[in-house]
Structures are given as structure tokens and as C-alpha cells.
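For the sequence shown, counting from 1, position 155 maps to 154 in numbering that gives the first Met the number 0; every step adds exactly one. Glycine residues also receive a C-beta, built at the ideal position from the N, C-alpha and C atoms. Quantities reported herein were computed from a predicted structural model and do not represent experimental measurements. Following: one structure in C-alpha cells, then a few remarks.
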Amino acid sequence: MKRIAIIGAGVSGLTVAQRLKDLYQVTVFEKEAKPGGLIRCERINGSLFHICGGHVFNSKWQEVLEWFWDKFDKDKEFQLTNRNSVIFLPNGQAIPYPIENFAYLLDENTQKSFIRDLIGIGNNKKCDTKQSSFQAFLQQQFGQTLYRLYFEPYNKKVWHRELSEIPIDWLEGKLPMPSVEEIIYNNFNRIAEKQFVHSTFYYEREGGSQLIADRLSEGLDIHYSQEIKQIRYCCKQWQVGSECYDAIVFCGNVKDLPKIIKNIDISAFDDPIKELQYHGTTSVFCEIDKNPYSWIYLPDENYEAHRIICTGNFSQSNNQSKRLTATVEFTDDISETDIKRDLNRMPLHPEYITHKFNRFTYPIQHPNTREMISMLKEKLASAGFFITGRFADWEYYNMDVAMQAAMQTVNKINFNINQS
Ligand SMILES: Cc1cc2nc3c(=O)[nH]c(=O)nc-3n(C[C@H](O)[C@H](O)[C@H](O)COP(=O)(O)OP(=O)(O)OC[C@H]3O[C@@H](n4cnc5c(N)ncnc54)[C@H](O)[C@@H]3O)c2cc1C
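What follows is the structure in C-alpha cells.
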């Protein structure tokens, strides 16, 4: 039986391993002590802390849904919830998300200004947003009024850079792009956005997204607390430690590849890989005031946090405290002192419990990123080394899209192995 080593027991590595385990002898290596990568959760004083974000699940991909639900009892283990997200404006007003559908709730002058923007956008339909920056996209799509009120301050906190410097390739398929007619229609008829993949979502009744990681780990040979620092190509096989494998599936971070791979020359990719940009996230576990929301977006420039994920509302079992638990998100690394200062300035009286900084959370794509990664993949695949995952592909994947990409990688592996 052919042997395959998978590096990383996040959603991507676990999906690949589950799909391959009946066909090959599969071994998974994971540097952390438990599975899940970004979707890991911990219990703190009994309450559930998503160490990164507040992961919820849904998908528009039938193949992913069928595969995923085959592993769970959908009704017993998950609950289906409607997204109830708001934007807390600096003036204290809570506007439902997405803001463009609820412009009728804004004050009179802002509404008039937004209407003028919409007329301008409607008259200027020929603008080709594809070639421009994130800033130009937002301004052309939603107008200056909403840009200044929400999109600019919120996204500057998220991206920590000028929006004019951010290319828009990563946006493809991520956000609905309503036409002026749709925005007006939605405001006339009080229609909330239903196109988002997470406008309704599934959440675990117990254990948060760790349940997904734990279930996807079942039946696999996973070596935990083993960071793979070297993979050597030798006689058409790959050596990991003292063992040889017929193929490797790398689901870690592409930035590590130049130093990990030995005996295959990928030096042409060193510089472009080094130049890849990204963000980290500081997730702060808090208790907050009771509220009905799932996500709260925070454009207010008086503090750095950009989002509160009310994970305590996703499942009652997440709260073992008197108050509601939630994750407050900051972009990049931020000290405990600064976190506490900001929490004091924020709505809903967040009270600090603990925090975790994850260095790699948001890949930033540039116009040549996809081409570069695809050339690297092609070169390595010919030697039986495959790449898939959020930071392996440098793609802004949600869990379900990471699963879908992993499934496509599995098809390539089967094809290559059957050819050889
Ligand atoms: C803040 C935030 C919120 C999100 N919310 C959602 C959401 O609500 N719903 C949703 O569907 N998606 C969400 N996502 C996206 C989701 O987290 C990812 O799509 C998914 O977790 C990616 O899984 P992955 O396996 O590709 O990568 P990772 O989770 O990064 O897994 C990589 C794994 O490889 C291991 N590893 C790396 N290098 C090595 C090595 N050399 N040796 C051994 N092991 C190694 C790591 O320890 C890790 O376990 C969110 C992402 C973020 C950042």
C-alpha cells in the first residue's frame, strides 16, 4: 500500500486524510497538541473560547455538505441559526448588517447624501471595479457616504493599511455585490441580505468548532506535537524523519516551504514567497452584556478592536459564567494593557478573561499571488508533493472552501498516483 504523509491537522489536512485513508497508508503530522489549527477551542473556567474567531459552518457546495453531514447528526449535534449582525456606529446607533440595506435607519442628512451617491453610481455604471483597489471598489460600489461612515474606518482597523493599497482579487466570491436597484429595493422593502454563505449557519450544540476537528480526526494516525522541519526528496520518495513516503500533502504555511523542502530546487520561489503579506489576529475572550447579536462590527476609531463575535449566543453551553461570553478581535499583536484600555472604551462592557495571538490568520493576495502559487504547486506535484490549505494556497478560505480545495487536491493525488 502506498504511503502518504500529511503535514497539518487543520480542516484541510483532516479532510485530505479522511478522503485518502481507505486507499493509502496515511500518517498526519501536527505541531500542536490537538487537531483543528485555526478552529481549535479551549475551555476557560468551563466556558468555550474559540482561540481564533468564532467559527460557524455552512456551505453552498453540495459535495462539501454531503460529505460533512455524513459525519455528524445534524439535528442532534448542531443548531441552525439566522445571522443577526449589527454595526455599532460611533453615535451609539446599531444598524443591522449589511449597512447598505438599512440606510433608511440613518439620520436624514446621511440618507440624503447616500441617495445622491446612489444616483451618481447609477449614472456611472461603466466603471470597471475589477482593475482597481479595495478602496476604489468600496467607493464605486457603495458611495462616499457609507464609505466614510463605515467601510473605511472599519476596514482600516481590519487591514491595518491604506485601502488603496489592497488589491481586490481576494474579494472574488467573498462578498455580494448588490446593484443600485437592489440596494434601493432592499431599503424600500426592509430586506435583509440572504446571499452571504453565513446568513444562516450551523453551530455545535456542545464544544464549538473543536467538535468538527475532533470528529474529523477519528480513525486517523496523527502524530501530535511534531513540527516537521525537513522533508527530503530521495529516489522518488519523500523522507520525513526516518520514514519514507510516496507522496506528501502539505497543509501548513507556504512561507515555511523553502526551508523545509530539501533536494528539490524551489529557490526561484524564495523571494515571491518571502514577499507574501498577511495579518494576525488577537482574539480576546471576554464576558459582555446580554444582547441578541451574533457578530458586532465596530467602525468606531476610539478603540482598535474591529469585531465582537458573540459566541455565547451561538450555544448556551458555551457560557458557564453569569454573563455572556464573546470574542473581541483585534488585528495583529496587541498587549494585554492595550487590550484592557480598549475594552474600557467599548460598548457592552467587555470584561477581559484571556487572549491569544494567532500570527497567521488573513492571507493578503496580490495580483500575481495565484499564478505564483499555482506554478509552485505544479512543480512540486510532479514529484508527488501536494499543497492545500488557507496558508498553503495563500487563499482566503472559509472552512467549507478549505474542505472543497482539499477534495480537489485528493482527486489530483489519486490521478497522479494511478498514472505513476
Ligand atoms: C478570525 C477568523 C474567523 C474565521 N471564521 C470562520 C467561520 O466562521 N467559518 C468558516 O467556515 N471559516 C472561518 N474562518 C476560516 C477557517 O479558519 C479556515 O478556512 C480553516 O480553519 C483553514 O484550515 P487549514 O487546515 O487550511 O489551516 P489551519 O487551520 O491554519 O491548519 C494548519 C495546520 O497545520 C499545522 N502545521 C503547520 N505547519 C506545520 C508543520 N511544519 N508541521 C506540523 N504541523 C504544521 C498547524 O499547527 C495547523 O494545525 C475564519 C478564519 C479566521 C482567521
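Among PRO177, GLU300 and ARG389, nearest to TYR361 - alpha-carbon criterion: Residue 361 sits at position 362 when you count from the first residue of the sequence shown. The option with the nearest alpha carbon to TYR361 is ARG389.
Extent of the continuous beta strand (DSSP E) to which ARG344 belongs: Translated into positions along the sequence shown, residue 344 becomes position 345. First-last for ARG344: 335-344, but that is the alpha helix (DSSP H), not the beta strand (DSSP E).
Contact the region 285-300 vs the region 147-159: 3+ CB pairs below 8 Å: yes
Contact between the region 237-257 and the region 87-99 (3+ Cβ pairs under 8 Å): no
Helix, strand or coil at THR128 [DSSP, three-state]: Along the sequence shown, read from residue 1 onward, the residue named residue 128 stands at position 129. With a pLDDT of only 48 at THR128, under the threshold of 50, the placement of this residue in the model should not be trusted, and no figure is reported.
Pairwise C-alpha distance: SER208 and HIS54: Taking the first residue of the sequence shown as 1, we reach residue 54 at position 55. Taking the first residue of the sequence shown as 1, we reach residue 208 at position 209. Whole-angstrom Cα-Cα distance: 6 Å.
Same chain only: Cβ atoms within 6 Å of THR128, ignoring 5 sequence neighbours per side: In the sequence shown, the residue the question calls residue 128 occupies position 129. Summary for THR128: the model assigns pLDDT 48, below 50, so the residue's position carries little reliability, and this model does not support an answer.
Beta-carbon proximity check, VAL423 vs ASP392, cutoff 8 Å: Nothing in the structure corresponds to residue 423, since the chain is present only between 0 and 419.
Residue from TYR202, ASN397 and THR330 whose Cα sits closest to the Cα of LEU79: Counted from its first residue, the sequence shown places residue 79 at position 80. Nearest of TYR202, ASN397 and THR330 to LEU79, Cα basis: TYR202.
Three-state secondary structure assigned by DSSP to LEU47: The sequence position of residue 47 within the sequence shown is 48, counting from 1. If DSSP states are grouped into helix, strand and coil, LEU47 belongs with the strands.
Cα-Cα separation between ALA304 and PHE67, rounded to whole angstroms: Within the sequence shown, numbered from 1, the residue matching residue 304 stands at position 305. Within the sequence shown, numbered from 1, the residue matching residue 67 stands at position 68. Using only the alpha carbons, I get a separation of about 33 Å.
Separation of ILE412 from TYR302, as counted between CA atoms: In the sequence shown, the residue the question calls residue 302 occupies position 303. In the sequence shown, the residue the question calls residue 412 occupies position 413. About 47 Å.
MET406: CB within 7 Å of a non-hydrogen atom of ligand 1: The residue labelled residue 406 in the question sits at position 407 within the sequence shown. No, Cβ of MET406 sits at least 7 Å from all heavy atoms of ligand 1.
Alpha-carbon to alpha-carbon, ASP69 and ILE422: Outside the shown range of the chain, which is 0 to 419, sits residue 422, and nothing can be said about it.
Identity of the residues DSSP links to PRO95 by a beta bridge: Walking along the sequence shown from the start, residue 95 turns up at place 96. Answer is VAL85, bridged to PRO95.
Cα-Cα separation, PHE200 to ASN262: One-based indexing of the sequence shown puts residue 200 at position 201. One-based indexing of the sequence shown puts residue 262 at position 263. Straight-line Cα distance between these residues: approximately 45 Å.
In DSSP terms, what LEU79 is bridged to: Residue mapping note: residue 79 aligns to position 80 of the sequence shown, counting from 1. Paired residue(s): TYR201.
Beta-carbon proximity list for ILE183, same chain, < 7 Å, skipping 5 on both sides: For the purposes of this step, residue 183 is taken as residue 184 along the sequence shown, with counting starting at 1. Within the same chain, ILE183 has close Cβ partners LEU117.
Helix, strand or coil at GLY279 according to DSSP, with G and I counted as helix: As a first step, residue 279 must be located in the sequence shown, where it is residue number 280. Strand, per DSSP.
Residues bridged to CYS285 (per DSSP): Position 286 of the sequence shown, counted from the first residue, corresponds to residue 285. Looking at the DSSP assignment, CYS285 forms a beta bridge with ALA325 and TYR351.
Rounded separation between LYS258 and ARG231 - CA only: Against the sequence shown, residue 258 aligns to sequence position 259. Against the sequence shown, residue 231 aligns to sequence position 232. Straight-line Cα distance between these residues: approximately 11 Å.
Alpha-carbon to alpha-carbon, MET0 and PHE292: On the sequence shown, position 293 is the one that residue 292 refers to. On the sequence shown, position 1 is the one that residue 0 refers to. Sequence inspection shows Tyr at residue 292; the Phe mentioned does not correspond to that position. About 51 Å.
Top-ranked residue by Cα proximity to ASN186, from GLU350, GLN61, GLU99 and ARG42: Along the sequence shown, read from residue 1 onward, the residue named residue 186 stands at position 187. Out of GLU350, GLN61, GLU99 and ARG42, GLU99 has the C-alpha closest to the C-alpha of ASN186.
Given 8 Å, three or more beta-carbon pairs between the region 331-348 and the region 213-228: no
Where TYR153 falls: helix, strand or coil (DSSP): Position 154 of the sequence shown, counted from the first residue, corresponds to residue 153. Of the three classes helix, strand and coil, the one that applies to TYR153 here is helix, per DSSP.
THR280: CB within 7 Å of a non-hydrogen atom of ligand 1: Reading the sequence shown from its first residue, position 281 is the one you call residue 280. Checking every heavy atom of ligand 1 against the Cβ of THR280, one is found closer than 7 Å.
Coil, strand or helix - PHE67 by DSSP: Residue mapping note: residue 67 aligns to position 68 of the sequence shown, counting from 1. It is helical.
Assigned exposure category for TYR103 - 16 Cβ within 10 Å defines buried: The residue given as residue 103 occupies position 104 in the sequence shown. Its Cβ having fewer than 16 others within 10 Å, TYR103 is exposed.
Cβ-based neighbour list, ILE386, same chain, cut-off 6 Å, excluding 5 preceding and 5 following: Position 387 of the sequence shown, counted from the first residue, corresponds to residue 386. Cβ neighbours of ILE386 beyond the five flanking positions: PHE249 and LYS376.
Cβ-heavy atom distance, ILE227 to ligand 1, below 7 Å: In the sequence shown, counting from the first residue as 1, residue 227 sits at position 228. Within the cutoff, so yes.
Beta carbon proximity, TYR244 to chain D, threshold 8 Å: In summary, chain D is missing from the structure at hand, where a single protein chain is found.
Cβ separation of LEU323 and GLU286, assumed to be a contact under 8 Å, to the nearest whole Å: Taking the sequence shown and counting its residues from 1, the one referred to as residue 323 is at position 324. Taking the sequence shown and counting its residues from 1, the one referred to as residue 286 is at position 287. Sure, about 7 Å apart at Cβ, within 8 Å.
Simplified DSSP state of GLU41, which is helix, strand or coil: The residue you call residue 41 lines up with position 42 of the sequence shown. It is a strand residue.
Helix, strand or coil at VAL55 [DSSP, three-state]: Taking the first residue of the sequence shown as 1, we reach residue 55 at position 56. DSSP places VAL55 in coil when its eight states are reduced to three.
beta-carbon CYS484 near ligand 1 non-hydrogen atom, thresh 7 Å: Here the chain comprises residues numbered 0 to 419, so residue 484 is not present and cannot be evaluated.
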